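Asker: Sequences listed follow chains A and B, in order.
In this note's numbering, each residue's number is its place in the first sequence (first place is 1) plus 1207.
In this note's numbering, each residue's number is its place in the second sequence (first place is 1) plus 11.
Where a beta carbon is used, it is the ideal one built from N, C-alpha and C, also for glycine.
Only a predicted model underlies this, so the values are computations on that prediction, with no experimental measurement involved.
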Amino acid sequence: MRVAVDQSFPRLLGDIGGTHARWAWQESADSELQDISVQSCEASATLLDSARTYMAATGHAHPHSAGIGIATAVLGDVVRMTNNPWSFSISELKQSLGVKHCLLLNDFTALAMSLPGLTASDLCPIGGGVAIAGAPIALIGPGTGLGVSGLLPAADGRYCALSGEGGHVTLAATDEREAVLLSLLRRRFGHISAERLLSGPGLVELYRVSCELHGRTPIDMTPPEVSLAASSASDPDCVASARYFAALLGTVAGNLALTLGARGGLYIGGGVVPRLGAAFNGALFRQRFEDKGRFQDYLRAIPCWIITASTPALLGASRALDLLPAD
Amino acid sequence: MSSTLFENPRLLADVGGTYARFTLEVGPGIFEHAASLRCADFDDFQATVQSYLSALPASASMDRIKNAAVAIATPVSGDQVRVTNYPWQFSIEQMRQRLHLDNLLMVNDFTALAMALPSLLPSQRRQVGAGAALPRSVIGLIGAGSGLGVSGLIPANEGWVALGTEGGHTSFSPRDERELTILQYAWRHYTHVSFERLVSGPGIELIYRALSQRDGQPEQILGAPDITQRALDASDPLCAEVIEVFCGMLGTTAANLAVTQGAFGGIYIGGGIVPRLGSHFDRSIFRQRFEDKGRFTDYLRGIPTFVITADNATLLGVSAILAAQLRSLDSAQGSAILSQIGRVRINLSPAEQRVADHVLAHPRASLNDPIVLIARAAKVSQPTVIRFCRSLGCEGLSDFKLRLASGLTGTMPITHAQVTGADSMLELGVKVLGNTASAILQVRDHLNRESIDKAVQWITAAQRVEFYAVGHYSVVAEDAQFKFLRMGVSSVAYTAPRLQMMAANLLRAEVVAVVISSSGRVKELLEVVEKAHERGATVIAITASQSPLARKADLALIVDHVEDVATQVPMISRILHLLMIDILVVGVSMRRGVKSLPALGTEATAALDESQATQPTTSQNSPGVRAAGALAHLTSHSL
């Protein structure tokens, strides 16, 4: 018995972040994604408007199915974004788009779905280790928020993608400097999740804390500005911010790899790490990743990669349409 | 309800740090002769098992026990097992031989505990705080004892996959200044402070030392059981604080696990410490801390947390794993008779061994080849082949082949016998029924849960269901119409091609069209599908795989059966199609639940049915039972 998938083409594919919506069109199962386009979320009042604007601009109409990864938890029919005001009902969206299948999934689940299909040219390794085939795979991605997912091997060689909110784990401190940092922030925010610091806004937060610790006055900066200043080493607090960032990400990634038993490797997605470029201290990341007492050898054997492919989540959304039940 | 007992009782054991617990499972979920033995009293594992067995009554004697499964508090990989606390070390295979078992399964005790979770009854767990588990969702497991075990269960196909993880070794994240003080104290002794360092028996002692030091008290050494006891009887405020801190840290771990796994099936807490805390744990800060994740508080509020209270939960899990293993042993990969050949091979004569090797290497060929070919391939005489079969306890070659077939293809031999003119009426009846039964079993083995789920879901959501079929399959469509109407689902059957086209022309998005065709190549029906799609309706096909109809439909429920059309009207295919309809009816009925009842048992529908409709006999306030009662009227088989 088999679900006839050919009926699902052409497909409208989306990857909706807190600030940007990426759209693409896929004509058939063998064709590449076409007309990939990025829109600012602010430019449209709703997700549907954004989709319609995209289709009007690229001359596409009447998709048979839609697969959309979105940066929020998808639990029921009503989806509400955490980082922008969009909110909608999946069934209404399905009706408005006139599609047979409308699959909404967490954007990190979508990205996770794309991992088995990535090749060496889509990835940049950090440190050593060899992936064990068929073992769980971990995914972490600092962007507007901190996405976390994993692929767990199910029966018959297929994978099951986790849809959790692992960015909201409580952040760990691994030395006195980080302990001071966390105490300072806890006074301001109460609960310090990993996402609080391991995200674009988190990079700015780390910059501010560094200023505070050194008695300097922070100026208003955006995440890309902090990245840029860290890359050019033009501001000591931006450099410190990038260092904290790599170290904390290493700790959280190591925790994730242990929690999932991710001997199939750990992938880093999201926009922040690629944008940091050379300012991302891979060696420090790797050191913290492995720094887990007697489990050091266990973690040393796990490979880590930065995903450099431009639109993997769109491919993952398409894969999800192939595999996931469409409800 | 009559419960069937196993032909042979299964031996289950849970070997922990101090005690080895044993029980016999005499039927599914029926445990007898539970006993606990002190590991220290025995030299090795075998002696422990034999001591347990020798105390059993004669009716449960050793030679009736063929299968055993043992949970053990040590990592299990490969054949060698080493028990952490005792000088017990053995090979699983040698132990199996020494205990004269067909199968001996060793599993890590935490994995076993994880596999017990989906079937725990409400009486075997205690919920702490609010939240409700979603069905078929990831389940998280945390066990705090001498260490901190972390695992999870992932729903996969029909069953579950247990996740082997090292989640207890994640870096500890302090939630407040007090926890930071404890972390800083721990840093003096360890460079990496994991959750396990603090959320465990030794962790309780470490927290105690850290807080004594904070209070300027001399560093005291106090064991975790004493600290726990003093906290429980409120005799020592510092001990009470230690346990409160422990519960808070466990809350943080549990919440971290829940958000990382997306564990909407709930978080279960096992291990030795928490059950000992009893209701003290329920009153602790645990659940408050669990929910305390800033913006994600609502997310976590929905996730239930359970303390495992069943003291034999690990044995329940061992039982589930053994049952699953025996099932898969019965099916394609490992036939019972093939494993029997493997076991007895060493006792066979050299010539019979050659037959054994041939059968093991070419099981399917041995199933079909006549005795001449088997003898030739094994380079033995034909009587040797017969002797080989008798050595395995079979009457002869045909008996052996029957047992081999049952092992290779499923739980029952799937055969097709040609009805010939020489058959007596009785033989004829046996063959016709046998062929039909075989075909049904084949369909059963190829059922696709996902497709059926989806079909049921679509039909349940539809405003109307229309059934399309032609020729001999018209009765299937009419039967479907009748059954769905009886359930109160608006449905209609179209069996005349002209009418079908006119009807299809009026389809719309809210209607599901079910197209029934054995070949999937009937031109008129394919046109119906095209028209249905044009009109925006959803099409489900009940048809052969790879047929044009299966490819065109939105969803295909596959029934593959090659009918001998030359000699008889296609009977078996129609039965298979009727059964597929039956599956959908039962599925839709279960989904709709109580809603479907008003249409049942009324005089109008009863008059259509040959049988006397009876009133639903079950009470009003138990919808689950009522639905089951309704199902019993709809179908001739019980659920």
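What is the rounded straight-line gap between the Cα of S157 of chain B and the Cα of Q91 of chain B?
Answerer: Taking the first residue of the second sequence as 1, we reach residue 157 of chain B at position 146. Taking the first residue of the second sequence as 1, we reach residue 91 of chain B at position 80. Roughly 23 Å separates the two Cα atoms.
Asker: Alpha carbons only, please: which of B:E521, B:E477, B:Q138 and B:N516 is nearest the one belonging to E538 of chain B?
Answerer: Locating residue 538 of chain B in the second sequence gives position 527, counting from the first residue. Out of B:E521, B:E477, B:Q138 and B:N516, B:N516 has the C-alpha closest to the C-alpha of E538 of chain B.
Asker: Would you report the Cα separation of A265 of chain B and Q138 of chain B, rounded to the nearest angstrom?
Answerer: As a working note, residue 265 of chain B is residue 254 in the second sequence. As a working note, residue 138 of chain B is residue 127 in the second sequence. When rounded, the distance between both Cα atoms is 14 Å.
Asker: Figure out for me which residue from A:W1230, A:G1484 and A:A1268 has the closest Cα to the Cα of V1245 of chain A.
Answerer: Here residue 1245 of chain A refers to the residue found at position 38 when the first sequence is read from its first residue. That would be A:W1230, whose Cα lies nearest to the Cα of V1245 of chain A.
Asker: Could you tell me whether the stretch 277–295 of chain B touches the stretch 306–322 of chain B, using the rule of 3 or more Cβ pairs below 8 Å?
Answerer: In short, these stretches touch, since the Cβ pair count reaches three.
Asker: Can you list the beta strand (DSSP E) stretches of 3 or more residues lying completely in the stretch 1344–1402 of chain A, in chain order?
Answerer: Runs of the beta strand (DSSP E) inside the stretch 1344–1402 of chain A: 1344–1349, 1353–1360 and 1366–1368.
Asker: Less than 9 Å between CB atoms is the rule here; does H111 of chain B satisfy it with respect to chain A?
Answerer: Working through the second sequence from its first residue, we reach residue 111 of chain B at position 100. So, not an interface residue.
Asker: Using the beta-carbon count (16 or more within 10 Å), is Y201 of chain B buried or exposed?
Answerer: What you label residue 201 of chain B is simply residue 190 of the second sequence in a count that begins at 1. Exposed.
Asker: Pick from B:E521, B:V329, B:L67 and B:P508: whose alpha carbon is nearest that of A79 of chain B?
Answerer: Locating residue 79 of chain B in the second sequence gives position 68, counting from the first residue. Checking every option, the nearest Cα to that of A79 of chain B belongs to B:V329.
Asker: Take D226 of chain B and list the residues in its own chain whose beta-carbon comes closer than 8 Å to its own, dropping the five residues that flank it on each side.
Answerer: Taking the first residue of the second sequence as position 1, residue 226 of chain B is located at position 215. Cβ neighbours of D226 of chain B beyond the five flanking positions: L249.
Asker: Can you give the Cα-Cα distance for P1343 of chain A and L1325 of chain A, rounded to whole angstroms?
Answerer: Taking the first sequence and counting its residues from 1, the one referred to as residue 1343 of chain A is at position 136. Taking the first sequence and counting its residues from 1, the one referred to as residue 1325 of chain A is at position 118. When rounded, the distance between both Cα atoms is 16 Å.
Asker: When the Cα atoms are used, what is the spatial distance from R189 of chain B to D1382 of chain A?
Answerer: Counting from one through the second sequence, the residue named residue 189 of chain B turns up at place 178. Counting from one through the first sequence, the residue named residue 1382 of chain A turns up at place 175. Rounded to the nearest angstrom, the two C-alpha atoms are 16 Å apart.
Asker: Under a Cβ-count criterion, where at least 16 other Cβ atoms within 10 Å of its own Cβ denotes burial, should Q429 of chain B be classed as buried or exposed?
Answerer: For the purposes of this step, residue 429 of chain B is taken as residue 418 along the second sequence, with counting starting at 1. Its pLDDT being 44, under 50, Q429 of chain B is placed unreliably by the model, and the measurement read from it follows with that caveat. Under this definition Q429 of chain B is an exposed residue.
Asker: Would you identify the three-state DSSP class for C405 of chain B, choosing helix, strand or coil?
Answerer: Numbered from 1 along the second sequence, position 394 holds the residue referred to as residue 405 of chain B. In this structure, C405 of chain B counts as coil in the three-state DSSP scheme.
Asker: Using a Cβ-Cβ cut-off of 7 Å (strictly less than) and excluding sequence neighbours within five positions of I103 of chain B, which residues of its own chain qualify?
Answerer: Walking along the second sequence from the start, residue 103 of chain B turns up at place 92. Result list for I103 of chain B: D90, V92, L115 and M117, in chain order.
Asker: Within 9 Å (strictly less), CB to CB, does V522 of chain B reach chain A?
Answerer: By one-based count along the second sequence, residue 522 of chain B stands at place 511. False, the Cβ-Cβ gap to chain A never drops below 9 Å.
Asker: Alpha carbon to alpha carbon, what distance is there between L194 of chain B and A1452 of chain A?
Answerer: Within the first sequence, numbered from 1, the residue matching residue 1452 of chain A stands at position 245. Within the second sequence, numbered from 1, the residue matching residue 194 of chain B stands at position 183. The identity of residue 1452 of chain A in the sequence shown is Phe, whereas the question assumes Ala. Approximately 21 Å between the Cα atoms of the pair.
Asker: Flag this pair as touching only if the stretch 221–237 of chain B and the stretch 247–261 of chain B have three or more C-beta atom pairs under 8 Å; answer yes or no.
Answerer: The stretch 221–237 of chain B vs the stretch 247–261 of chain B: in contact.
Asker: With A45 of chain B as the anchor, note down where its beta strand (DSSP E) starts and where it stops.
Answerer: In the second sequence, counting from the first residue as 1, residue 45 of chain B sits at position 34. That run of the beta strand (DSSP E) goes I41 to R49.
Asker: Verify the CB distance criterion: does I165 of chain B have a CB-CB separation below 9 Å to chain A?
Answerer: Reading the second sequence from its first residue, position 154 is the one you call residue 165 of chain B. Answer yes: the Cβ-Cβ gap between I165 of chain B and chain A drops below 9 Å somewhere.
Asker: Would L16 of chain B and A31 of chain B qualify as a contact pair, given that the criterion is a beta-carbon distance under 9 Å?
Answerer: Start at 1 with the first residue of the second sequence, and residue 16 of chain B comes out as number 5. Start at 1 with the first residue of the second sequence, and residue 31 of chain B comes out as number 20. For L16 of chain B and A31 of chain B, no; Cβs fall outside 9 Å.
Asker: Taking a Cβ distance cut-off of 9 Å, strictly less, list which residues of the stretch 285–306 of chain B are near chain A, in chain order.
Answerer: Cβ contacts with chain A: D303, K304, G305 and R306.
Asker: Can you confirm whether C1367 of chain A, when its beta carbon is compared against all beta carbons of chain B, has any partner nearer than 9 Å?
Answerer: Counting from 1 along the first sequence, the entry for residue 1367 of chain A is found at position 160. For C1367 of chain A, the answer is yes, since a Cβ of chain B falls inside 9 Å of its Cβ.
Asker: What's the gap between the Cα of V149 of chain B and the Cα of Q272 of chain B?
Answerer: Residue numbering aside, residue 149 of chain B sits at position 138 when the second sequence is read from its first letter. Residue numbering aside, residue 272 of chain B sits at position 261 when the second sequence is read from its first letter. Each residue's Cα considered, the two are about 7 Å apart.
Asker: DSSP three-state call for A507 of chain B: helix, strand or coil?
Answerer: Reading the second sequence from its first residue, position 496 is the one you call residue 507 of chain B. A507 of chain B: coil per DSSP, three-state reduction.
Asker: Looking at the strands, I want to know which residues DSSP matches up with L1282 of chain A.
Answerer: As a working note, residue 1282 of chain A is residue 75 in the first sequence. Note: L1282 of chain A sits in no beta bridge, so no partner.
Asker: Sort out for me which residues DSSP pairs Y30 of chain B with in a bridge.
Answerer: As a first step, residue 30 of chain B must be located in the second sequence, where it is residue number 19. Paired residue(s): B:R49.
Asker: What in chain A is Cβ-close to Y479 of chain B, meaning under 7 Å?
Answerer: For the purposes of this step, residue 479 of chain B is taken as the residue at position 468 of the second sequence. Those do not exist, as Y479 of chain B stays about 17 Å from chain A at its closest Cβ, beyond 7 Å.
Asker: Using a Cβ-Cβ distance under 9 Å, would D120 of chain B count as near chain A?
Answerer: Looking up residue 120 of chain B in the second sequence gives position 109. Cβ-Cβ to chain A under 9 Å: no for D120 of chain B.
Asker: Do we get a CB-CB distance below 9 Å when we pair L536 of chain B with the residues of chain A?
Answerer: Here the question's residue 536 of chain B lines up with position 525 in the second sequence. Taking Cβ atoms only, chain A never reaches closer than 9 Å to L536 of chain B, which makes this a no.
Asker: In whole angstroms, what separates the C-alpha of L1420 of chain A from that of S1294 of chain A?
Answerer: Locating residue 1420 of chain A in the first sequence gives position 213, counting from the first residue. Locating residue 1294 of chain A in the first sequence gives position 87, counting from the first residue. Distance between the alpha carbons of L1420 of chain A and S1294 of chain A: 39 Å.
Asker: Can you tell which of B:L67, B:M601 and B:A82 has its C-alpha closest to the C-alpha of A324 of chain B?
Answerer: In the second sequence, residue 324 of chain B corresponds to position 313, counting from 1. Of the candidates B:L67, B:M601 and B:A82, the one whose C-alpha sits nearest the C-alpha of A324 of chain B is B:A82.
Asker: Going by C-alpha to C-alpha distance, which of A:G1476, A:G1357, A:L1391 and A:L1311 sits closest to G1407 of chain A?
Answerer: Here the question's residue 1407 of chain A lines up with position 200 in the first sequence. Minimum Cα distance to G1407 of chain A is reached at A:G1476.
Asker: With H, G and I counted as helix, E and B as strand and the rest as coil, what does DSSP make of M117 of chain B?
Answerer: The residue given as residue 117 of chain B occupies position 106 in the second sequence. If DSSP states are grouped into helix, strand and coil, M117 of chain B belongs with the strands.
Asker: If you draw a straight line from the alpha carbon of R1259 of chain A to that of G160 of chain B, how long is it in whole angstroms?
Answerer: The count along the first sequence starts at 1 and reaches residue 1259 of chain A at position 52. The count along the second sequence starts at 1 and reaches residue 160 of chain B at position 149. One C-alpha to the other measures close to 50 Å.
Asker: Residues in the same chain with beta-carbon distance under 7 Å from A141 of chain B, minus the five sequence neighbours each way, listed in chain order, please.
Answerer: Indexing the second sequence from 1 puts residue 141 of chain B at position 130. Closer than 7 Å at the Cβ level, and outside the excluded window around A141 of chain B, lie R312.
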